[in-house]
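Take the sequence shown: its letters are residues -20 to -1, 1 to 85, numbered as in mature numbering (1 follows the signal peptide of the UniProt record, and there is no 0).
Built from N, CA and C at the ideal position, the CB exists for glycine as well.
Accompanying notes for the structure given below.
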Amino acid sequence: MKVLMLTIISALIWTNSCLAGNLQKNISIQCDNGVKATFNTEQLEISSLLLLPFKRVEEQDDNKTIVVYGNDRADTKILIQYAGPKVFLQDRNNWIPCDAYRTES
């Protein structure tokens, strides 16, 4: 169910931003703090250094979804707002704005 929800959320991001078409598996983000990451329904790869598996959907409502990736040492969150759409990465309890784009699988 969680994987299905993340897939639906990904589709909404690209449909709302007029980038719909053949939705690719991976979504890459470039954040204002310099972090580059790629995520999909299974994992989050941060700057080609840290690979975190999908853990859960922490919060979801009509306006946003917060997805958690992590392991026993580290967790990070991605906030997807439907208005816009906008994507944010959590860094030390702050939400950092990110540009999102599709990448080849």
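Tyr49 places its beta carbon less than 8 Å from that of Phe34.
Leu31 counts as exposed, since fewer than 16 other beta carbons sit within 10 angstroms of its beta carbon. Out of Ile58, Ser27, Val15 and Gly64, the CA that lies nearest to the CA of Thr21 is found in Ile58. Exposure of Thr83 is indicated by the presence of fewer than 16 other C-beta atoms within 10 angstroms of its C-beta.
According to DSSP, Ser28 shares a beta bridge with no other residue. Under the three-state reduction of DSSP output, Thr56 falls in the strand class.
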